[in-house]
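Residue numbers (our numbering): 357 to 479. Beta carbons are placed, not taken as given, at the ideal position from N, Cα and C, and that holds for glycine. For reference, the structure discussed in these notes is given below.
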């Protein structure tokens, strides 16, 4: 399904942009970028990518919290120390993401699901 058929179903790109903008206060350039990415990747792939990015951000926050650090603390570190901590955070985020995906797949298998597993990361 193309974006034009989706936007037609939803009442046109303008109304979709306005509703998203009103709900999330995104600048027009960001909305246009989102629409361009949807056209390029397809709605499903784009939505999945957005979910994964949100999950990674939440996991990063969790890892920083576990280390009693904030983004400001990381930014204030010297270049070499920041690179080291960023690598460590990236590894921990990847590990936690893998664990979350494995748990989702295991849960789906236990329920007898054979379809694709999607993470629900609503905040």
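> Using 8 Å as the Cβ pair cut-off and three pairs as the minimum, do the segment 440 to 457 and the segment 414 to 432 touch?
Replying inline: The segment 440 to 457 makes contact with the segment 414 to 432; the number of CB pairs closer than 8 Å reaches 3 or more.
>> Measuring straight from C-alpha to C-alpha, what distance separates residue 423 and residue 433?
In response: Taking the chain shown and counting its residues from 1, one reaches residue 423 at position 67. Taking the chain shown and counting its residues from 1, one reaches residue 433 at position 77. Rounded to whole angstroms, residue 423 to residue 433 spans 14 Å at the Cα level.
>> Are the CB atoms of residue 402 and residue 388 within a distance shorter than 8 Å?
In response: The residue you call residue 388 lines up with position 32 of the chain shown. The residue you call residue 402 lines up with position 46 of the chain shown. Not closer than 8 Å, so no.
> In angstroms, rounded to a whole number, what distance separates the CA positions of residue 464 and residue 445?
Replying inline: On the chain shown, position 108 is the one that residue 464 refers to. On the chain shown, position 89 is the one that residue 445 refers to. Taking the straight line joining both Cα atoms gives about 28 Å.
>> Distance check for residue 390 and residue 377, CA to CA, integer angstroms please.
In response: For the purposes of this step, residue 377 is taken as the residue at position 21 of the chain shown. For the purposes of this step, residue 390 is taken as the residue at position 34 of the chain shown. Any reading at residue 377 is ruled out, since the residue's pLDDT is 43, under 50, leaving its predicted position unreliable.
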